[in-house]
Amino acid sequence: MSKPPAKRHKESDRYADQLTGPVKARYLEKIKLCGGVDPYSVSTWSVDDGRLPSLGYKDIVEYLMLKKSPYTREAFKAIKSLGAHNQVTSGWVKDVLSWSNRNPSHQGATPANTCVTGKVYHSQRLSDPPEQPWVIVSHDGEILTAHCRCQAGLGETCSHVAALLFTVEATVRIRDSTTVTQKPAYWNMPNFKEVAYLPAHKR
Numbered sequence: 001m002s003k004p005p006a007k008r009h010k011e012s013d014r015y016a017d018q019l020t021g022p023v024k025a026r027y028l029e030k031i032k033l034c035g036g037v038d039p040y041s042v043s044t045w046s047v048d049d050g051r052l053p054s055l056g057y058k059d060i061v062e063y064l065m066l067k068k069s070p071y072t073r074e075a076f077k078a079i080k081s082l083g084a085h086n087q088v089t090s091g092w093v094k095d096v097l098s099w100s101n102r103n104p105s106h107q108g109a110t111p112a113n114t115c116v117t118g119k120v121y122h123s124q125r126l127s128d129p130p131e132q133p134w135v136i137v138s139h140d141g142e143i144l145t146a147h148c149r150c151q152a153g154l155g156e157t158c159s160h161v162a163a164l165l166f167t168v169e170a171t172v173r174i175r176d177s178t179t180v181t182q183k184p185a186y187w188n189m190p191n192f193k194e195v196a197y198l199p200a201h202k203r
């Protein structure tokens, strides 16, 4: 039986309204890949690992290194972000959720892109709110775009985005590892004690 959808607090009904210029134009272009729905306004995320898109290590490397930046038209070459797998093995990525604007039970429906989000905690600043990046992945595993509200995240390849991608890859890889007599073995994420944090306006 699948788990009930998870509801995530809507930080802003119109996050895009906080953006300006080319950054806002790019954001609106990106969310067209998930039907024009702003991921930060979605409240029906799924906690079911079975709905995570198939995603391989090769797909992540191709995205971080070879995909072209919409701003410079040159390859991202985000070498530093490749080290974000350390954040995964250390347990800094939590609450990975997925959402698609297509009903998965609808027979004959065209495969839709899947949006995935998660909370990425700061290893050096546990009292700070976690970042909540999101990525959009096609049904065949191509990483189409990503976003994070950190400064580097506007460039779509920050370490928080990379950590989320590596978490999805690891979860899917173990999920899909089966034998004749075994059901999929789900990856148990490393755990850590969450530290309460205060929103910036309350400090």
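The numbers in the sequence shown follow the UniProt record's numbering, run straight up by one, and end at 203. Virtual Cβ for every residue (Gly too), placed ideally from N, Cα, C.
Check your understanding: Going by C-alpha distance, which of E156, R149, A75 is nearest P129?
Key -> R149
Check your understanding: Which of the three DSSP states, helix, strand or coil, is assigned to S123?
Key -> coil
Review point. From D59, E131, T171, L55, pick the residue whose C-alpha is nearest to that of A152; which is it?
Key: E131
Review point. If we count the other Cβ atoms within 10 Å of its Cβ and call it buried at 16 or more, is S59 buried or exposed?
Key: The sequence as given places Asp at residue 59; Ser does not occur at that position. Label assigned to D59: buried.
Check your understanding: Under a three-way DSSP split, which group does A16 fall into?
Key -> helix
Review point. Is there contact here, the region 85 to 99 with the region 20 to 31, by at least three beta-carbon pairs under 8 Å?
Key: no
**Study point:** Nearest-angstrom Cα separation, counted from D38 out to I31
**Key:** 6 Å
Exercise for review: Please list, in chain order, all residues of the same chain as T157 whose beta carbon is under 6 Å from its beta carbon, the five residues on each side excluded.
Suggested key: L64, F76, A78, S81
**Study point:** Proximal residues to E169 (C-beta, below 8 Å), its chain only, five neighbours per side dropped
**Key:** L55, G56, Y57, D59, I60
Practice item. In angstroms with no decimal places, state the Cα-to-Cα distance between D17 and K68. Key: 26 Å
**Study point:** Close-in-space but distant-in-sequence residues of the same chain around S100 (CB under 8 Å, 5 per side omitted)
**Key:** C34, R51, A112, N113, T114, C115
Check your understanding: Any idea what DSSP makes of D95, helix, strand or coil?
Key -> strand
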